[in-house]
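Undergrad: Residue numbers (mature numbering (1 follows the signal peptide of the UniProt record, and there is no 0)): -22 to -1, 1 to 766.
(1) Please give the ranges of any alpha helix (DSSP H) in the stretch 216 to 269, keeping only runs that are unbroken, at least 4 residues long and fully inside the region.
(2) What are the start and end residues of each continuous beta strand (DSSP E) run of 3 or more residues lying completely inside the stretch 281 to 316, in chain order?
(3) Which partner residues of residue 684 appear in the DSSP bridge assignment?
(4) Of all the options 547, 607, 266, which has the alpha carbon lying nearest to the alpha carbon of residue 561?
(5) What is the C-beta distance between residue 542 and residue 521, in whole angstroms, given that I count them as a contact (C-beta under 8 Å)?
(6) Would you tell me roughly how many angstroms separate the C-alpha atoms of residue 393 and residue 143, rounded to the nearest one?
(7) Any idea what DSSP makes of residue 582, helix, strand or coil?
(8) Give a yes or no on whether the C-beta atoms belonging to residue 431 and residue 90 are separated by under 7 Å.
(9) Using DSSP with H/G/I as helix, E/B as strand and the rest coil, what is residue 465?
(10) Rounded to whole angstroms, what's the CA-CA distance from residue 252 to residue 217? Just pull it up for me.
(11) What first and last residue would you give for the beta strand (DSSP E) that runs through residue 40?
(12) If the criterion is Cβ atoms closer than 7 Å, does the pair residue 219 and residue 280 meet it?
(13) Identify the residues that DSSP records as bridge partners of residue 541: which are they?
(14) Mind the definition here: the stretch 112 to 124 touches the stretch 232 to 247 only if three or more C-beta pairs lie below 8 Å; say whether that holds.
(15) Does the pairing of the stretch 120 to 134 with the stretch 225 to 241 give three or more beta-carbon distances under 8 Å?
(16) Mark residue 236 as exposed unless 16 or more other C-beta atoms lie within 10 angstroms of its C-beta, in which case mark it buried.
(17) Taking DSSP as the reference, what is the three-state secondary structure of residue 414?
(18) Counting only the same chain and skipping the five closest in sequence on each side, list residues whose C-beta sits under 8 Å from that of residue 312.
(19) Hey, quick one: how far does the alpha helix (DSSP H) through residue 767 stretch, first residue to last?
(20) With 16 other CB atoms within 10 Å as the buried threshold, where does residue 127 fall?
(21) From residue 355 to residue 533, what does the alpha carbon distance come to, in whole angstroms?
(22) Would you mind stating whether residue 294 and residue 360 have Cβ atoms separated by less than 7 Å?
(23) Could you give the C-beta distance for residue 399 and residue 368, rounded to a whole number, given that I count them as a contact under 8 Å?
(24) Between the alpha carbons of residue 276 and residue 104, how many angstroms are there, rounded?
(25) Nearest to residue 551 by CA position, among 205, 558, 523, is which residue?
(26) Pick out whichever of 537, 526, 527, 525 has its Cα sitting closest to the Cα of residue 509.
(27) Can you look up residue 156 in the DSSP assignment and give me helix, strand or coil?
(28) How should residue 764 be labelled, buried or exposed, when 16 other C-beta atoms within 10 angstroms of its C-beta is the threshold for buried?
(29) DSSP state of residue 428, grouped into three classes?
(30) Residue 467: buried (16+ other C-beta within 10 angstroms of its C-beta) or exposed?
(31) Within this structure, are the beta carbons of residue 150 and residue 228 separated by less than 7 Å?
(32) Determine the extent of the beta strand (DSSP E) in which residue 657 is found, giving its start and end residues.
(33) Whole angstroms is fine: what's the gap from residue 55's alpha carbon to residue 442's?
(34) With a threshold of 6 Å on Cβ separation, who are the neighbours of residue 591 within its own chain once the five nearest residues in sequence on each side are excluded?
(35) DSSP beta-bridge partners for residue 648?
(36) Using only the alpha-carbon positions, how far apart do residue 647 and residue 717 sit?
Below is the structure:
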């Protein structure tokens, strides 16, 4: 009975964007395309699901939509992703894969995802005490480090002793570097290559890009003996070739003797470094090939062929080798190496004294800093897979750190402290085959193996090669796949029958088949999603909308050929009108007795407002209505004193002898004879509820009246307020008089000064010429001169 209505409802659900959980699931032509399109898409494999011209693409929709449209729950194909923990050993001091402590949990996880789906799991890490350490000391032996070498020769036993305070298993190795042995980095004059030191009488070793001197060993005496043989060297330019040396230390694992434990690389230098591109100065343009090139004597033999590595390349190789660098550098170069440390994961910078006398303490501090930093990272991801992390570092309660796309991070982690990371994995596309991704904490050897797979196939149960329902065609996931020459939804016609369009037009019509909206197959219309009817004449999205959805959405009604068919409990042309009084009843009354319910909304009588018609702005307030009851019940006064027991039968009055603690919440009403009543309404209808609803006249209430707010008390209060008002007015008047006198004094003074100014101006007698001026011309007249 419910299926025909469901079939008409399905196109509406598919055509309604943002419908009930539909998300971005769109109709698809096949089950496989449906499963890959969106993680919420499901497929109905029931062969009888579609009817009368519906497209097979309507089989693809969210599960709830399909079931509402009539698909049996057992016929809904919806592959679901999963997270399965394959190996999960407890965190503890023993029992690890290599016989050491278990610090990372779980150890293996299998993850199956649909394209577009995201799943998460948790990774826990607990830092164990006494984890083994391998430390390789890589030293710059350029001429400026000659005083440092003397101290390094003596540090072997001290360094081992310092590290044994935190771990029982520690080994140490040694190597040195200068720079590439080509111009302009070193002088290629034969005598300078043999002895590059500026003072000829001082013996120096020839420069090398890197020399591996001592493999990792626990013998402090051997370390001191090997280092004591080393001599200083020299080069021409200021930057050193340390990047070449670091690269070889990371790549030549067997020659160095690295164990699968915590690996530390101490890089000691007093100058900056060459990086990728600097090799062009020496005619070297080939980038590093990421291979070990140590000869039998431990020298990097191909430094003249390969350019210096870039910072990114170096960071990648160090991370892959699980090596944590400690940059022990002198003061002027500390800022340079701090910038470098920001680009290399799990690295730290320490300031080295000019003679390296503090190197043991520097390394110990750096080790403590590195080991207390927990950074979870992953190996390269397959295309279409993304990971993000949330860090729960075990600090004070609060939200986790922001999601990080490259790794989880916690600082200040103590020994035996447990931290947790939430790893979120999302598949953006299908994987061709299962892939493996490794997750590990930098600086530690344990790794979590993550097996990734995607669910892109359609596990249908209805698969028949020659199904009778399909007239000899194959039935795949509820859809017929017709053999050559046959057509139709059930492969029911062939040849000329397939081209017949008589049933796809109205009688006596020459218009386009299927109203020009669908395809005519075997005399029947196949309509695209959103259209229905025998001639595709019905548009499921043309109905009146409520809240942006046709017929108010699938919860309210369905669109049938442009007309809404409302579900039970809803009415109106767009199913936007809830039937019944559910949204209008409060305290058992429809619209508080002051209105009627229309479409779930109260239509109030004149004078009443509010969602339940409970407010009456023009009506008396509860305080005004109960004033006379308070007056007659407490003091036997007022207009109701002769009829108080009957008129105020619903009111219980009690007198409070002391002043109320909070009189602002009490009613304050003035009686007809000028007295002021102060009372509190209990049991509803108080002053604080005045704006919410109008209470019944006969509702049971209790009035608490303050005894002093009658006769003499009120008069005394009135006199006190009157006196206070007069005092305030007097103070204001005195102030105004004082201001007026001050302004009058200023005016008299200003007028007097102005008259004095006018008199002075009249006395002044100004001349247009300068009285000190004397003309430069003198005229003398001869008295005996006669012009005649």
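Where a beta carbon is used, it is the ideal one built from N, C-alpha and C, also for glycine.
TA: Quick answer:
(1) Segments of the alpha helix (DSSP H) lying fully in the stretch 216 to 269: 220 to 229, 231 to 234.
(2) Restricted to the stretch 281 to 316, the beta strand (DSSP E) segments that are unbroken, complete and at least 3 residues in length are 301 to 308, listed in chain order.
(3) The residue labelled residue 684 in the question sits at position 706 within the chain shown. Residue pairing by DSSP places residue 684 opposite 634 in a beta bridge.
(4) On the chain shown, residue 561 is found 583 positions in, with the first residue counted as 1. Minimum Cα distance to residue 561 is reached at 547.
(5) Taking the first residue of the chain shown as 1, we reach residue 542 at position 564. Taking the first residue of the chain shown as 1, we reach residue 521 at position 543. Sure, about 5 Å apart at Cβ, within 8 Å.
(6) Within the chain shown, numbered from 1, the residue matching residue 393 stands at position 415. Within the chain shown, numbered from 1, the residue matching residue 143 stands at position 165. Rounded to whole angstroms, residue 393 to residue 143 spans 14 Å at the Cα level.
(7) As a working mapping, residue 582 is identified with position 604 in the chain shown. Here residue 582 sits in strand by DSSP.
(8) Working through the chain shown from its first residue, we reach residue 431 at position 453. Working through the chain shown from its first residue, we reach residue 90 at position 112. For residue 431 and residue 90, yes; Cβs fall inside 7 Å.
(9) Indexing the chain shown from 1 puts residue 465 at position 487. Strand.
(10) For this step, residue 252 is matched to residue 274 along the chain shown. For this step, residue 217 is matched to residue 239 along the chain shown. The straight-line gap separating the alpha-carbon atoms of residue 252 and residue 217 is approximately 6 Å.
(11) Along the chain shown, read from residue 1 onward, the residue named residue 40 stands at position 62. Taken as a continuous stretch (DSSP letters only), the beta strand (DSSP E) holding residue 40 covers 38 to 40.
(12) Counted from its first residue, the chain shown places residue 219 at position 241. Counted from its first residue, the chain shown places residue 280 at position 302. Going by C-beta atoms, residue 219 is not nearer than 7 Å to residue 280.
(13) Sequence index remark: in the chain shown, residue 541 carries index 563 (1-based). DSSP lists 538 as the beta-bridge partner residues of residue 541.
(14) Yes, the stretch 112 to 124 is in contact with the stretch 232 to 247.
(15) Counting Cβ pairs under 8 Å, fewer than three are found: no touch.
(16) Walking along the chain shown from the start, residue 236 turns up at place 258. Buried is the call here.
(17) Stepping through the chain shown from its first residue, residue 414 is reached at position 436. In this structure, residue 414 counts as strand in the three-state DSSP scheme.
(18) Your numbering for residue 312 matches position 334 in the chain shown. Excluding residues within five positions, the ones whose Cβ falls inside 8 Å are 327, 329.
(19) Outside the shown range of the chain, which is -22 to 766, sits residue 767, and nothing can be said about it.
(20) For the purposes of this step, residue 127 is taken as residue 149 along the chain shown, with counting starting at 1. It counts as buried.
(21) For the purposes of this step, residue 355 is taken as residue 377 along the chain shown, with counting starting at 1. For the purposes of this step, residue 533 is taken as residue 555 along the chain shown, with counting starting at 1. Distance between the alpha carbons of residue 355 and residue 533 is about 46 Å.
(22) The residue labelled residue 294 in the question sits at position 316 within the chain shown. The residue labelled residue 360 in the question sits at position 382 within the chain shown. Contact check for residue 294 against residue 360 fails: the beta carbons are separated by 7 Å or more.
(23) By one-based count along the chain shown, residue 399 stands at place 421. By one-based count along the chain shown, residue 368 stands at place 390. Contact between residue 399 and residue 368 is confirmed by a C-beta separation of about 7 Å, below the 8 Å threshold.
(24) Taking the first residue of the chain shown as position 1, residue 276 is located at position 298. Taking the first residue of the chain shown as position 1, residue 104 is located at position 126. Rounded to whole angstroms, the gap between the alpha carbons of residue 276 and residue 104 is 38 Å.
(25) On the chain shown, position 573 is the one that residue 551 refers to. Distances from the CA of residue 551 to each of 205, 558, 523 were compared; the closest alpha carbon is that of 523.
(26) Walking along the chain shown from the start, residue 509 turns up at place 531. When 537, 526, 527, 525 are compared, the shortest CA-CA separation from residue 509 is found for 537.
(27) Walking along the chain shown from the start, residue 156 turns up at place 178. The answer is coil: DSSP assigns residue 156 none of H, G, I, E or B.
(28) As a first step, residue 764 must be located in the chain shown, where it is residue number 786. Exposed, because fewer than 16 other Cβ atoms sit within 10 Å of the Cβ of residue 764.
(29) As a position in the chain shown, residue 428 is number 450, starting the count at 1. Here residue 428 sits in strand by DSSP.
(30) By 1-based counting over the chain shown, the position of residue 467 is 489. Its Cβ being crowded by 16 or more others within 10 Å, residue 467 is buried.
(31) For the purposes of this step, residue 150 is taken as the residue at position 172 of the chain shown. For the purposes of this step, residue 228 is taken as the residue at position 250 of the chain shown. No, Cβ-Cβ distance for residue 150 and residue 228 is not below 7 Å.
(32) By 1-based counting over the chain shown, the position of residue 657 is 679. Start and end: 654 to 660.
(33) Taking the first residue of the chain shown as position 1, residue 55 is located at position 77. Taking the first residue of the chain shown as position 1, residue 442 is located at position 464. Approximately 17 Å between the Cα atoms of the pair.
(34) Position 613 of the chain shown, counted from the start, is the residue given in the question as residue 591. Answer for residue 591: 569, 570, 572, 573, 580, 582, listed in chain order.
(35) For this step, residue 648 is matched to residue 670 along the chain shown. Residue pairing by DSSP places residue 648 opposite 654 in a beta bridge.
(36) Translated into the one-based positions of the chain shown, residue 647 becomes position 669. Translated into the one-based positions of the chain shown, residue 717 becomes position 739. Their Cα atoms are separated by approximately 40 Å.
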